[in-house]
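In the numbering used here, the protein residues as written are 194 to 350. Only one structure is covered here, and it is reproduced in the block below.
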């Protein structure tokens with residue numbers, strides 16, 4: 194019987210090799226061989242070749258040439274915001290987050306989850322915070338947690 198390959202996993206083949214490690218090793222081997230052969234995936238927009246990275250993993254959806262346009266295509270699909278609208282909002286806000294206290298660059302489209310209406314552009318951190326603040330139950334749980342932890346609540350919270 195072969196000596197086991199790791200101590201993390203309990204699922205094992207009869208030869209002692211653990212299943213998750215064997216599957217991962219197979220994926221890495223296949224990806225490496227494809228990269229050596231020069232295999233490629235097709236770009237989802239222009240159908241040009243996207244080389245497979247030697248490390249494997251998930252392939253890119255679009256090639257480097259189409260990648261900038263792919264972001265705007267996604268914005269139109271999700272929010273109805275095309276490139277011109279995004280750039281107009283970006284320049285109207287001087288490229289800054291719409292939250293007045295924040296000075297970071299605005300890169301995320303903020304929208305109302307109830308109505309789907311676009312409110313403006315915010316930085317990624319503020320976008321995540323707004324997502325939590327839209328949930329009244331999350332805010333109530335956060336207040337309870339802070340009160341129970343003897344931590345002073347931030348102003349206005």
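All residues carry an ideal CB built from backbone N, CA and C; glycine is no exception. For clarity, every value in this text was computed on a predicted model and none was experimentally measured.
Select from the options the residue whose C-alpha is nearest the C-alpha of residue i.
{"i": "residue 290", "options": "306, 307, 323, 272", "result": "323"}
{"i": "residue 295", "options": "320, 281, 330", "result": "320"}
For the beta strand (DSSP E) holding residue i, just list the boundary residues, first then last.
{"i": "residue 301", "result": "301 to 304"}
{"i": "residue 234", "result": "233 to 235"}
{"i": "residue 244", "result": "242 to 244"}
Suppose you measure from the CA of residue i to the CA of residue j; what does that come to, to the nearest Å?
{"i": "residue 333", "j": "residue 238", "result": "45 Å"}
{"i": "residue 195", "j": "residue 223", "result": "Here the model assigns residue 195 a pLDDT of 49, short of 50, so the residue's position is not dependable, and the following value carries that caveat. For residue 195 and residue 223, the distance between alpha carbons rounds to 23 Å."}
{"i": "residue 277", "j": "residue 236", "result": "24 Å"}
{"i": "residue 257", "j": "residue 342", "result": "48 Å"}
{"i": "residue 300", "j": "residue 317", "result": "7 Å"}
{"i": "residue 254", "j": "residue 260", "result": "9 Å"}
{"i": "residue 282", "j": "residue 271", "result": "16 Å"}
{"i": "residue 211", "j": "residue 267", "result": "40 Å"}
{"i": "residue 217", "j": "residue 226", "result": "14 Å"}
{"i": "residue 309", "j": "residue 285", "result": "21 Å"}
Please state the DSSP three-state secondary structure of residue i.
{"i": "residue 324", "result": "helix"}
{"i": "residue 313", "result": "strand"}
{"i": "residue 336", "result": "helix"}
{"i": "residue 194", "result": "Summary for residue 194: the model assigns pLDDT 45, below 50, so the residue's position carries little reliability; its value from the coordinates is reported in the next sentence. If DSSP states are grouped into helix, strand and coil, residue 194 belongs with coil."}
{"i": "residue 211", "result": "strand"}
{"i": "residue 289", "result": "strand"}
{"i": "residue 254", "result": "coil"}
{"i": "residue 221", "result": "helix"}
{"i": "residue 280", "result": "helix"}
What residue does the alpha helix (DSSP H) around residue i start on, and which one ends it?
{"i": "residue 270", "result": "260 to 272"}
Who pairs with residue i in a beta bridge, going by DSSP?
{"i": "residue 229", "result": "Beta-bridge pairing links residue 229 to no other residue."}
{"i": "residue 205", "result": "211"}
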